[in-house]
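Student: Sequential numbering from 13 applies to the sequence shown in the working numbering.
Beta carbons: idealized from backbone N, C-alpha and C, even for Gly.
Please read these numbers as outputs of a predicted model, since none were measured by experiment.
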Amino acid sequence: MSADAGTRFAVDVYAARLARAAELTRAAHLDALLITPGPDLQYLIGSRAQSFERLTCLVIPSSGETPAVVVPKLELAGLGASAAGELGLQMLDWTDGTDPYRLVRSVLNVGARVAVADSMPALHLLPLAGEFHAMPVSATPMLRQLRMTKDAAEIDALRRAGAAIDRVHARMGEWLTAGRTEAEIGADIAAALVAEGHTGAEFVIVGSGPNGADPHHEVSDRVVEPGDVVVIDIGGPVEPGYFSDSTRTYVLGEPDDETAAAVAVLERAQAAAVAAARPGVTAESVDAAARDVLAAAGLGDVFIHRTGHGIGLSVHEEPYIVAGNDLILEPGMAFSVEPGIYFRGRWGARIEDIVVVTEDGCEPLNLRPHGLTQL
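#1: Considering just the uninterrupted stretch of the alpha helix (DSSP H) at H321, what are its terminal residues?
#2: Can you look up G383 in the DSSP assignment and give me helix, strand or coil?
#3: Is the beta carbon of A276 sitting closer than 7 Å to the one on P331?
#4: How should M184 be labelled, buried or exposed, when 16 other C-beta atoms within 10 angstroms of its C-beta is the threshold for buried?
#5: Is the separation between the beta-carbon of P238 and that of G212 shorter than 7 Å?
#6: D178: which of T259, M154, M160 and L137 sits nearest, CA to CA?
#7: Determine whether the beta carbon atoms of V218 and E194 lie at a separation below 7 Å.
#8: Which of the three DSSP states is assigned to G310 in this structure?
#9: Taking V180 and I246 to be in contact with their CB atoms under 8 Å, please state how far apart those CB atoms are, rounded to whole angstroms.
#10: So the candidates are V116, M154, L158 and A165; which of them puts its Cα closest to the Cα of G400?
#11: Which residue from A289, T78 and I316 puts its Cα closest to that of D226?
#12: What span of residues does the alpha helix (DSSP H) with E279 cover, start to end?
#13: Under a Cβ-count criterion, where at least 16 other Cβ atoms within 10 Å of its own Cβ denotes burial, should Q282 be classed as buried or exposed?
#14: My understanding is that S74 touches T37, with C-beta atoms under 8 Å, so please give their C-beta distance in whole angstroms.
#15: Taking P84 as part of the beta strand (DSSP E), name the residues at either end of that continuous run.
#16: In terms of residue numbering, what span does the beta strand (DSSP E) encompassing E330 cover?
#17: For E65, count neighbouring C-beta atoms within 10 Å of its own C-beta (all shown protein chains included) and say buried if the count is 16 or more, exposed if not.
#18: Considering only residues of the same chain and omitting the five flanking positions on each side of A17, which have a CB-CB separation below 6 Å?
#19: Can we say the stretch 128-139 touches the stretch 158-170, given the rule of at least three CB pairs closer than 8 Å?
#20: Mind checking V298: buried by the 16 CB within 10 Å criterion, or exposed?
#21: Under a three-way DSSP split, which group does A361 fall into?
#22: In whole angstroms, what separates the C-alpha of E371 from that of G344?
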């Protein structure tokens, strides 16, 4: 970890990533990779620069030449916390009245074949296309290979994020009580996320009673009642920016037999999917492992979303654990395993862990009890 308050990794981590990015760009028969602010820029040089109407762009030539950063002079200080200086990157700063797109082109030949991230704003994409006399291609294939398999530093960060969110779930009885609104409970959870090591609360879902049947419900003014089943799905970033994401389902009081039985099936489905996650299997086979258990119990129709999503510097990234995805899992891939069951107008339940594929299976990063927890 960097000495910079833990906000980024050591410089050698980024140097290796830049070298790999150039290698993948060269293998794709392209001349350069152009990266504007966002998770990809943070991944490559540790920069948390924001995207504005003034262009900031990392230029990675495939030839192995030193990458350059085109950056507004007034934003230059913001790069100080990144690894750009230690990496020895070319810093091409510009002021209003200068054409930054021509600066990008000056690093490369006119007509160079360049790739850009899908998230690059059209505000910048179109002028760059004009400078290179061709529309850039998508950098998604290269960026996917770079970010989908986590290195040791990233896995360590995800472990710390998993432990932090587990500590919040362990305290749920402090806030989740009958007579309080979802919004009140959610505010306490958000504060606890920070207290337990996150830099903020990215999302807080408190789905009580019928609201639990909406997978993307957040919080409302509904008052939690005795007997309610409550879905708590929470997460946020820990330095240097890697996310936690964990869901557990609680019940206020004694559950009825039907509810207890359904959640027990869900617990088996989630465990089956975790057990299925290993190198050499497809992403869709992990989804099928959960889905098959629920379908056999007559609950297949109430599982209405994919089993999981990748996680890292973004809450949702590749690989996606979903039917139709024949991607072969490899060691270092990190993703959620989160089957759910949803009974519209009544209640819902979801169980979610983050796992990292290892050499011979997977490592769950969330260790709190998985079954229906009585409070």
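Tutor: So, to answer that:
#1: Your numbering for residue 321 matches position 309 in the sequence shown. From DSSP, H321 is part of no alpha helix (DSSP H) but of the beta strand (DSSP E) over G320 to G322.
#2: Locating residue 383 in the sequence shown gives position 371, counting from the first residue. In the structure shown, the three-state DSSP call for G383 is coil.
#3: As a working mapping, residue 276 is identified with position 264 in the sequence shown. As a working mapping, residue 331 is identified with position 319 in the sequence shown. Here A276 is not near P331, since their CB atoms are 7 Å or more apart.
#4: Stepping through the sequence shown from its first residue, residue 184 is reached at position 172. That one is buried.
#5: For the purposes of this step, residue 238 is taken as residue 226 along the sequence shown, with counting starting at 1. For the purposes of this step, residue 212 is taken as residue 200 along the sequence shown, with counting starting at 1. Cβ distance not < 7 Å, so P238 and G212 don't count as in contact.
#6: Within the sequence shown, numbered from 1, the residue matching residue 178 stands at position 166. Nearest in C-alpha terms to D178, of all of T259, M154, M160 and L137, is T259.
#7: Indexing the sequence shown from 1 puts residue 218 at position 206. Indexing the sequence shown from 1 puts residue 194 at position 182. In this structure, E194 lies closer than 7 Å to V218 by Cβ.
#8: The residue you call residue 310 lines up with position 298 of the sequence shown. If DSSP states are grouped into helix, strand and coil, G310 belongs with coil.
#9: Position 168 of the sequence shown holds residue 180. Position 234 of the sequence shown holds residue 246. In this structure, V180 and I246 form a Cβ contact; the two beta carbons are roughly 6 Å apart against a cut-off of 8 Å.
#10: Because the chain in this structure spans residues 13 to 387, residue 400 falls outside the shown range and cannot be described.
#11: Within the sequence shown, the letter at position 214 stands for residue 226. Measuring from the Cα of D226, the nearest candidate turns out to be I316.
#12: By 1-based counting over the sequence shown, the position of residue 279 is 267. Residues D269 to A288.
#13: Here the question's residue 282 lines up with position 270 in the sequence shown. Taking a 10 Å sphere around the C-beta of Q282, we find 16 or more other C-beta atoms and assign the residue as buried.
#14: Within the sequence shown, the letter at position 62 stands for residue 74. Within the sequence shown, the letter at position 25 stands for residue 37. At roughly 4 Å, the Cβ-Cβ gap stays under 8 Å, so S74 and T37 are in contact.
#15: By one-based count along the sequence shown, residue 84 stands at place 72. A80 to P84 is the span of the beta strand (DSSP E), which, as asked, contains P84.
#16: Residue 330 sits at position 318 when you count from the first residue of the sequence shown. Note, E330: beta strand (DSSP E), E329 to I333.
#17: As a position in the sequence shown, residue 65 is number 53, starting the count at 1. Exposed, because fewer than 16 other Cβ atoms sit within 10 Å of the Cβ of E65.
#18: As a working mapping, residue 17 is identified with position 5 in the sequence shown. At A17 the pLDDT is 46, less than 50, meaning the model places this residue with poor confidence; the figure from the coordinates comes in the next sentence. Exclusion of the five residues before and after A17 leaves no residue of its chain whose Cβ lies closer than 6 Å to its Cβ.
#19: In this structure the stretch 128-139 does not touch the stretch 158-170; the number of beta carbon pairs closer than 8 Å is below three.
#20: For the purposes of this step, residue 298 is identified with residue 286 of the sequence shown, where counting begins at 1. So V298 counts as buried.
#21: For this step, residue 361 is matched to residue 349 along the sequence shown. DSSP places A361 in strand when its eight states are reduced to three.
#22: Sequence index remark: in the sequence shown, residue 371 carries index 359 (1-based). Sequence index remark: in the sequence shown, residue 344 carries index 332 (1-based). Cα to Cα, the separation comes out at about 9 Å.
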